[in-house]
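Undergrad: Quick note on numbering: the sequence shown equals residues 1 to 139 in the UniProt record's numbering. In this text, a Cβ means the ideal position worked out from N, Cα and C, and glycines have one as well. Remember, it's a predicted structure, so these values are computed and weren't measured experimentally.
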Amino acid sequence: MPGVPLHLPAALHAALWQHARTHSHQEVVGALGGVQRGETWCVHTLYPLPNIAPDPAREYLADPTYLLRALKAMRAEALDLVGLYHSHPRGPDRPSRTDTRLAAYDVPYLIADLSGGTLRAYLLPEVHEVALHVTDGPE
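(1) Can you give me the C-alpha to C-alpha distance between Leu16 and Ala62, rounded to a whole angstrom?
(2) Taking Gly83 as the reference, which of Ala20, Ala31, His23 and Arg21 has the closest Cα?
(3) Does the region 45-56 touch the region 111-118, meaning 3 or more C-beta pairs lie closer than 8 Å?
(4) I'd like the ranges of any beta strand (DSSP E) spanning at least 3 consecutive residues and lying wholly in the UniProt domain "JAB1/MPN/MOV34 metalloenzyme" (5-127).
(5) Do you know how far the Cα of Arg75 is from the Cα of Leu68?
(6) I need the straight-line Cα distance from Leu81 to His7, nearest angstrom please.
(7) Can you give me the C-alpha to C-alpha distance between Tyr122 and Asp99, rounded to a whole angstrom?
(8) If the criterion is Cβ atoms closer than 8 Å, does the pair Val35 and Leu71 meet it?
(9) Would you tell me roughly how many angstroms separate the C-alpha atoms of Ala73 and Tyr109, rounded to the nearest one?
(10) Taking the C-alpha atoms as reference points, what is the distance between Pro92 and Arg58?
(11) Taking the Cβ atom as the reference point for each residue, do Ala103 and Tyr85 lie within a distance shorter than 8 Å?
(12) Quick check on the burial criterion: 16 or more other C-beta atoms within 10 angstroms. Buried or exposed for Ala14?
Written as structure tokens, this is what we have:
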């Protein structure tokens with residue numbers, strides 16, 4: 001699905017960056033709930049998750065208990081997992097080898113590069129960039 005866009009409301013875009021900047025010394029991780037309309041992913045909610053990686057300054061691993069809770073909350077709201085996000089405190093805004101190796105879901109992975117101030121999305125493990133659109137409100 002290369003080129004399929006992801007729509008992210010401005011308020012959730014701001015919340016994602018706030019999460020990343022609040023923990024700028026380590027990678028943060030979270031899930032995005034929403035719907036898929038045709039070939040477009042539309043984000044409706046953001047779930048910050050604890051990073052339990054052994055070296056959180058260099059990698060992320062979402063706490064599986066909290067990820068399961070987020071997935072259950074999505075289901076209760078008739079939403080699906082439409083993305084995952086994490087930060088790279090020192091860049092780059094592209095997936096690392098670890099990111100591609102550990103990719104487990106067929107949804108966009110968003111990477112917030114704190115050093116460059118960019119947010120990009122990819123389908124992994126193929127590393128196909130996804131068009132990311134920040135919108136004024138829910139789609």
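TA: Reading off the structure:
(1) In this structure, the CA atom of Leu16 is about 15 Å from the CA atom of Ala62.
(2) Cα-wise, what sits closest to Gly83 is Ala31.
(3) The region 111-118 is not in contact with the region 45-56.
(4) Whole beta strand (DSSP E) segments, 3+ residues: 6-9, 29-37, 40-49, 80-88, 108-113 and 118-123.
(5) Going from the Cα of Leu68 to the Cα of Arg75 covers about 11 Å.
(6) The straight-line gap from Cα to Cα measures roughly 13 Å.
(7) Those two C-alpha atoms are separated by around 11 Å.
(8) Judged by their CB atoms, Val35 and Leu71 are not nearer to each other than the 8 Å cut-off.
(9) Their Cα atoms are separated by approximately 20 Å.
(10) Straight-line measurement puts the Cα of Arg58 at about 12 Å from the Cα of Pro92.
(11) For Ala103 and Tyr85, no; Cβs fall outside 8 Å.
(12) Its Cβ having fewer than 16 others within 10 Å, Ala14 is exposed.
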